[in-house]
Amino acid sequence: MAKRQIVKIDEEKCNGCGLCVSPCAEGAIVVENGKARVIREELCDGAGFCIGACPQGALSVETREAPDFDEKAVEKHLAQTAGEYIPQICFNCGRNEDEVPVLPCRKKGKSIWVCTKCLPALIHG
Ligand code: SF4
Ligand SMILES: [Zn+2]
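Counting in the numbering used here, the sequence shown runs from 83 upward without gaps.
Okay, structure coming up:
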């Protein structure tokens with residue numbers, strides 16, 4: 083245990099949509115009984131990739147006492163849950179992250195994914 087950054091889920095705001103589950107590369111978030119939760123704290127590295135995916139603003143990163151992040155535990159966990167991987171899709175061209183890297187972004191209150199091929203056109207118009 084040490085003070086470190088870790089994801090915080092506001093259960094009041096969470097509607098259980100599940101959009102935060104696959105953006106977490108460590109597979110640390112699950113939805114149970116209609117609410118997202120961190121399945122095991124040692125799987126969450128506190129990087130916050132899930133935050134931008136939440137349409138409810140239910141996710142944040144806090145600094146508090148938590149079990150150390152454990153990369154070995156992540157590897158084991160991902161090996162066990164390999165079949166549950168859902169590739170994210172670019173809202174613009176439909177390519178998925180197996181074809182091209184995708185980034186989370188926000189548009190008109192929605193969380194969307196955009197690929198690196200489409201991003202330059204969005205930036206430059
Ligand atoms: S994306 Fe937000 S609202 Fe949806 S399950 Fe995750 S925390 Fe809950
Ligand atoms: Zn695209």
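All C-beta atoms in this analysis are idealised placements derived from N, C-alpha and C, irrespective of residue type, glycine included.
Cα separation between residue i and residue j?
i: Met83; j: Ile121; result: 17 Å
i: Ile173; j: Lys158; result: Before going further, note that residue 173 is Phe rather than Ile in the sequence given. Near 32 Å, if we compare the C-alpha coordinates of Lys158 and Phe173.
i: Arg119; j: Lys190; result: 26 Å
i: Arg86; j: Gly128; result: 8 Å
i: Ala110; j: Glu124; result: 8 Å
i: Ile238; j: Ile171; result: The structure shown does not extend to residue 238, since the chain spans only 83 to 207, so no value can be given for it.
i: Gly207; j: Cys197; result: 15 Å
Quick one: measure Cβ to Cβ for residue i and residue j, integer angstroms, because I've assumed they're closer than 8 Å.
i: Pro105; j: Pro186; result: 6 Å
i: Val51; j: Ile88; result: Past the boundaries of the shown model lies residue 51; the chain is included only from 83 to 207, so the question cannot be answered.
Could you check whether residue j and residue i sit closer than 9 Å to each other, using their CB atoms as the reference points?
i: Lys192; j: Pro137; result: yes
i: Ala140; j: Asn97; result: yes
i: Ile133; j: Lys117; result: no
i: Ile168; j: Val113; result: no
So within the segment 98-126, which uninterrupted beta strand (DSSP E) runs reach at least 3 residues, ignoring any that extend past its ends? With a minimum length of 3 residues, the continuous beta strand (DSSP E) runs that stay inside the segment 98-126 are 111-114, 117-120.
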